[in-house]
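Residue numbers for the sequence shown follow our numbering, so the first one is 4 and each next one is one higher.
In this text, a Cβ means the ideal position worked out from N, Cα and C, and glycines have one as well.
Source: prediction; values computed, not measured.
Data first, discussion second: the structure below is written as structure tokens.
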Amino acid sequence: MGKATGFLEYKRTDAKKRPPEERLKDWNEIRLGHDEETIKIQAARCMNCGIPFCHGGALLNGMTSGCPVHNLIPEWNDLVYKGQWKEAYKRLTRTNPFPEFTGRVCPAPCEGSCTEGYHMESVTISSIEYEIMERAFREGWVEIKKAPSTGKRVAVVGSGPAGLAAAHYLNIAGHDVTVYERNDRAGGLLMYGIPNMKLDKAVVQRRIDLMEKSGVKFVLNTEVGKTISAQKLVDEYDAVVLCAGATKPRGLSVEGRDLKGVYFAVDFLTENTKAVLNKTESKINAKGKNVIIIGGGDTGTDCVATSIRQGCESVAQFEIMPEPPHKRDEVSNPWPEWPKKLKVDYGQEEAISVYGSDPRNYLITAKKIVGNDAGEVKEVHTVNVSWEKDSSGRVVPKEVPGSEKVWKADMVLLAMGFVGPEDTIPSELELERDARSNVKAEYDNFQTNVDKVFAAGDMRRGQSLVVWAIQEGKLAAREVDKFLTGKSLIR
């Protein structure tokens with residue numbers, strides 16, 4: 004269990020970040036690694052509690068509690084403390100095929116349910132995971148061992164975290180795997196949905212290259228349902244796994260939505276990443292503009308950080324929900340639920356550094372967007388709201404009289420999440436959909452109503468965490484393997 008008294012002797016030390024004044028000058032990753040001794044001390048804080056809730060991956064009150072891929076966290080913490088890094092790497096990758104991704108972008112629900120977090124600061128699980136995997140790559144331990152060929156061919160649609168996980172496990176099981184991706188680079192949201200300063204695209208490409216070397220084929224610039232029919236894949240392959248994500252962005256039904264300068268956040272972030280990779284200027288650019296971001300969450304934060312790096316004049320972020328508490332509410336949000344408390348993320352840190360204040364505005368909603376004579380956005384009109392119960396007992400937002408305000412705006416970014424998968428493939432294959440328009444497939448078998456067609460990740464469960472997509476891709480691969488061979492060693 005590492006050091007029996009480690010959790011009493013050592014305090015939590017989070018991974019350091021490059022200071023805002025330095026990192027705002029480039030698009031490089033903001034995270035700095037720990038030295039080996041610091042990581043060993045942080046691993047020593049894990050007390051290998053009797054019931055490690057960090058393993059869980061359960062949904063409590065609608066939120067993820069514990070690790071969805073069921074990482075063996077106390078085991079690899081103990082191994083790191085003892086200096087057995089290669090063994091720690093083996094235990095880590097026993098459950099998670101891509102720790103280099105989750106160690107960077109996962110919000111770490113494992114830390115939210117860490118037993119130490121009940122009384123003190125939780126173990127720095129995410130930082131330890133990150134260091135294990137980066138050391139594994141440096142030492143040359145990362146390799147993919149493939150079983151003898153089964154002669155079965157599987158098509159995976161989409162190369163995001165679910166698609167990559169499905170392809171990885173099906174490949175090592177011995178199947179011939181081809182991944183179809185509509186963009187010019189593989190990686191899905193890992194490549195184009197998450198900015199480079201959070202997840203360097205060289206890290207994503209490193210994994211793609213490794214998978215290609217092990218036998219996975221990637222077919223790029225090919226949109227299934229348009230470039231090639233979905234039915235063609237069903238006809239030509241022994242199984243098809245749909246991992247195309249929940250890529251239909253949530254819109255905003257207000258006057259002025261169609262004005263020039265109003266964009267979905269995903270388009271803004273995608274275009275910027277392409278520009279960074281191609282060393283060109285982004286087609287959607289905030290330089291010199293007053294930017295309004297409607298929506299909170301990680302995507303809103305990414306838009307704040309990207310806008311500042313592009314050179315915006317100002318940036319403001321609107322959130323219809325109230326400001327989270329500074330500490331966990333032990334009554335309404337008890338441990339081991341994910342702690343709902345205020346977090347100042349990297350984008351807000353950078354805005355405070357540049358403009359002197361947090362860009363987030365809570366309990367506010369846009370009423371209309373106003374344009375100039377050229378049809379370009381120039382203002383956003385807002386009103387404050389309060390959350391009250393209506394006649395049926397539901398808590399709904401009510402406008403606060405006299406709270407109207409006009410905000411100067413040259414660009415508006417809609418960062419309000421996603422509402423489900425695009426319709427092209429489900430319509431062509433006549434796939435059943437659930438009440439939220441996701442492709443209908445049970446979690447335990449991932450099979451759709453169409454023979455030999457499976458679905459996993461956000462396309463099946465709706466917008467969720469990268470780590471959930473990885474777990475769904477892994478478990479879907481297990482079910483495909485069983486479908487093709489009658490059994491599976493994928494766990």
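| Asked | Found |
| --- | --- |
| Test item: CB-CB of PRO112 and LEU345 under 9 Å | no |
| Through-space distance from ALA205 to LYS277, alpha-carbon basis | 13 Å |
| As assigned by DSSP and simplified to three states, the class of MET462 | helix |
| Collapsed DSSP secondary structure at PRO112 in the structure displayed | helix |
| CB-CB length for GLY228 against MET419, believed under 8 Å | No, GLY228 and MET419 are not in contact; Cβ-Cβ is about 25 Å, not under 8 Å. |
| Minimum length 3: unbroken beta strand (DSSP E) runs contained in the stretch 362–431 | 363–365, 367–374, 380–392, 398–402, 408–411, 414–417 |
| Nearest-angstrom Cα separation, counted from THR273 out to PRO424 | 18 Å |
| Closest residue to VAL157 among ALA168, ILE367, PRO151, VAL182 (Cα-Cα distance) | VAL182 |
| Whole-angstrom distance between LYS343 and THR16, CA atom to CA atom | 21 Å |
| Buried versus exposed call for TYR446 [16 or more other C-beta atoms within 10 Å across all chains shown] | exposed |
| Three-state class that DSSP yields for SER129 in the structure shown | helix |
| Beta-carbon proximity of SER116 to GLY59, cut-off 9 Å | yes |
| Alpha-carbon to alpha-carbon, VAL219 and VAL334 | 49 Å |
| Buried versus exposed call for ALA7 [16 or more other C-beta atoms within 10 Å across all chains shown] | exposed |
| Of the listed residues MET414, TYR358, VAL388, nearest to VAL380 (C-alpha basis) | MET414 |
| Nearest-angstrom Cα separation, counted from ASN275 out to SER285 | 5 Å |
| Environment of THR67 [buried if 16+ CB atoms lie within 10 Å] | buried |
| Inter-residue spacing [alpha-carbon to alpha-carbon] between GLU221 and THR118 | What sits at residue 221 in the sequence shown is Phe, not Glu. Near 42 Å, if we compare the C-alpha coordinates of THR118 and PHE221. |
| Spatially closest choice to GLU114 from TYR358, SER129, LEU280, by CA coordinates | SER129 |
| Distance between beta carbons of ARG97 and LEU82, contact taken as under 8 Å | No, LEU82 and ARG97 are not in contact; Cβ-Cβ is about 12 Å, not under 8 Å. |
| Spatial distance of CYS306 from GLU431 (CA atoms) | 34 Å |
| Of the residues GLN313, ILE231, GLY9, the one placed nearest LYS290, counting alpha carbons only | GLN313 |
| Cβ neighbours of VAL483 in the same chain (closer than 7 Å, five flanking residues each side left out) | VAL157, LEU173, ALA242, VAL244, PHE457 |
| CA-to-CA distance, ILE367 to ILE147, given in whole angstroms | 50 Å |
| Assigned exposure category for TRP471 - 16 Cβ within 10 Å defines buried | buried |
| Buried/exposed call for ASP461, threshold 16 Cβ in 10 Å | buried |
| Residue from ASN224, ILE311, VAL207 with nearest C-alpha to TRP30 | ILE311 |
| The stretch 189–206 in contact with the stretch 99–109 per 3-pair CB rule at 8 Å | yes |
| CA-to-CA distance, PRO337 to GLU326, given in whole angstroms | 18 Å |
| Length of the line joining the Cα atoms of GLY350 and GLY489 | 49 Å |
| Short Cβ contact (9 Å threshold) for ILE211 with LEU280 | no |
| Whole-angstrom C-beta distance between GLY161 and ALA249, which should lie under 8 Å | Wrong, their Cβ atoms sit about 11 Å apart, outside the cutoff. |
| Spatial distance of GLY177 from ILE355 (CA atoms) | 51 Å |
| TYR358 to ALA319 span [Cα, whole Å] | 10 Å |
| Where TYR13 sits in the DSSP three-state scheme | coil |
| Proximity below 9 Å, CB of ILE473 to CB of VAL72 | yes |
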